[in-house]
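Heads up: the structure comes next, in C-alpha cells.
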Amino acid sequence: DTGVSQDPRHKITKRGQNVTFRCDPISEHNRLYWYRQTLGQGPEFLTYFQNEAQLEKSRLLSDRFSAERPKGSFSTLEIQRTEQGDSAMYLCASSSQGTLVNGYTFGSGTRLTVV
Amino acid sequence: RKEVEQDPGPFNVPEGATVAFNCTYSNSASQSFFWYRQDCRKEPKLLMSVYSSGNEDGRFTAQLNRASQYISLLIRDSKLSDSATYLCAVKVQKGGGNKLTFGTGTQLKVEL
C-alpha cells in the first residue's frame, strides 16, 4: 500500500485519558501535516513537519497536544488529558517538497470520541 | 472574515442537472487552489487542481477568478454518485510549507 496510513481508525477514550495516533506518510514525501475535522466543518490545520522538523503549529494546538516525527518518517500526535471538545476526526496528509501541484494525499483518519 | 469561505448548502438537485459552487478566499497572495470531494465519514480526496486558465475533467470544470478572489466548480449532468461534500482548499501563504486552508465544504445531494 503506497498511501498514507493512520492508526487506529477509531478510538474511544474517557475524558482525562491520554491518546496517541500514528501516521505513516507516502514514503517519498518529506512533508507531513496534521489536521482536525469536526462535523460540518472543513479540516483545520494543526501542524506540519518537513522531515523531522516541526515547522509550524496552529494556535489550535494547545499545550495538551504534541506531535513528533523523530526520524522524518512516521509521525505521532498525542493528546494529553483529553476533553470532550477533542472529539473529532484527526487527519494526516503528506506531500513532497516543492510546488503543490496535486494537493495533499490524506490518510483515512482517526476518529476520536471522548466520553 | 474567514480565509476561505463556502456556502455550506445543502444543494439539492435532480439527476442530470448542472450545479455550480463558489469558494471565496481573502488573501490576494493565495497561490494554489484545489477542490476535494469528501464522502460521509471518509477522508477528503482530491477532485481536481484549479489552474489559472481554468480546467476541465470530464463533467467537472474548475475556474479561478483572481480579480474577484474566488474559485468555482461546475458539475454537469450530475449523477446520484456525485452526492458528497465538496471542499475547496487554498495555499494561502507564500514560501515553503504548502499549508492548505480549507473551506467548510458545500454539501451536494443529487436526487432522482
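Residue numbers (our numbering), protein chains in the order written: chain A, -17 to 97; chain B, 23 to 134.
Yeah, the Cβ is synthetic: ideal placement off N, Cα and C, and Gly gets one too.
For clarity, every value in this text was computed on a predicted model and none was experimentally measured.
key: leucine 14(A), DSSP secondary structure in three states   = Walking along the first sequence from the start, residue 14(A) turns up at place 32. Strand, per DSSP.
Cβ-Cβ distance between asparagine 12(A) and serine 78(A) below 8 angstroms = In the first sequence, counting from the first residue as 1, residue 12(A) sits at position 30. In the first sequence, counting from the first residue as 1, residue 78(A) sits at position 96. Yes, Cβ-Cβ distance for asparagine 12(A) and serine 78(A) is below 8 angstroms.
message = Would asparagine 49(B) pass as an interface residue toward chain A - the criterion being a Cβ-Cβ separation below 8 angstroms?
response = What you label residue 49(B) is simply residue 27 of the second sequence in a count that begins at 1. For asparagine 49(B), the answer is no, since every Cβ of chain A falls outside 8 angstroms of its Cβ.
key: 7 angstroms CB neighbourhood of alanine 106(B) in its chain, flanking five on each side removed   = Walking along the second sequence from the start, residue 106(B) turns up at place 84. Correct list, in chain order: Arg59, Gln60, Asp61 and Leu130.
ask   = Do the region 32 to 51 of chain A and the region 37 to 53 of chain B make contact, defined as three or more Cβ pairs closer than 8 angstroms?
value = no
key: chain B residues whose Cβ lies nearer than 9 angstroms to that of glutamine 23(A)   = On the first sequence, residue 23(A) is found 41 positions in, with the first residue counted as 1. Within chain B, the residues near glutamine 23(A) are Phe124, Thr126 and Gly127.
request  = Check each residue of the region -10 to 21 of chain A: if its Cβ is closer than 9 angstroms to any Cβ of chain B, include it; give the result in chain order.
outcome  = Correct list: Arg13, Tyr15, Tyr17 and Gln19.
request  = From the DSSP output, read off the bridge partner residues of glutamine 60(B).
outcome  = Translated into the one-based positions of the second sequence, residue 60(B) becomes position 38. Glutamine 60(B) is bridged to Thr107(B).
message = For the pair the region 94 to 104 of chain B and the region 57 to 76 of chain A, tell me if three or more CB-CB distances fall below 8 angstroms.
response = no
query = Can glycine 127(B) and valine 26(B) be called in contact, C-beta distance under 8 angstroms?
reply = Along the second sequence, one-based indexing puts residue 127(B) at 105. Along the second sequence, one-based indexing puts residue 26(B) at 4. No, these two residues do not count as a Cβ contact at 8 angstroms.
Residue(s) in a DSSP beta bridge with serine 94(B) = What you label residue 94(B) is simply residue 72 of the second sequence in a count that begins at 1. The partner list for serine 94(B) (beta bridge, DSSP) reads Asn44(B) and Gln85(B).
key: Inter-residue spacing [alpha-carbon to alpha-carbon] between phenylalanine 47(A) and glutamate 60(A)   = Reading the first sequence from its first residue, position 65 is the one you call residue 47(A). Reading the first sequence from its first residue, position 78 is the one you call residue 60(A). Computed Cα separation, rounded: 6 angstroms.
ask   = In three-state terms, what does DSSP make of glutamine 66(A)?
value = The sequence position of residue 66(A) within the first sequence is 84, counting from 1. Glutamine 66(A): helix per DSSP, three-state reduction.
key: DSSP beta-bridge partners of tyrosine 86(A)   = Locating residue 86(A) in the first sequence gives position 104, counting from the first residue. Answer is none; tyrosine 86(A) lacks a bridge partner.
query = Within 8 angstroms (strictly less), CB to CB, does valine 96(A) reach chain B?
reply = Within the first sequence, numbered from 1, the residue matching residue 96(A) stands at position 114. Chain B contact via Cβ: absent.
key: Sheet register partners of aspartate 49(A) (DSSP bridge)   = Locating residue 49(A) in the first sequence gives position 67, where the first residue counts as 1. In the sequence as displayed, the identity of residue 49(A) is alanine instead of aspartate. According to DSSP, which records beta bridges pairwise, alanine 49(A) is partnered with Leu59(A).
query = Roughly how many angstroms separate the alpha carbons of valine 96(A) and glycine 76(B), rounded to a whole number?
reply = Locating residue 96(A) in the first sequence gives position 114, counting from the first residue. Locating residue 76(B) in the second sequence gives position 54, counting from the first residue. The straight-line gap from Cα to Cα measures roughly 43 angstroms.
Residue nearest to proline 36(B) in terms of C-alpha spacing, selected from Asn120(B), Leu109(B) and Ser103(B) = The residue you call residue 36(B) lines up with position 14 of the second sequence. Closest option to proline 36(B), Cα to Cα, is Ser103(B).
query = Between the C-alpha atoms of serine 48(B) and phenylalanine 55(B), what's the straight-line distance to the nearest angstrom?
reply = Within the second sequence, numbered from 1, the residue matching residue 48(B) stands at position 26. Within the second sequence, numbered from 1, the residue matching residue 55(B) stands at position 33. Their backbone Cα atoms lie some 13 angstroms apart in a straight line.
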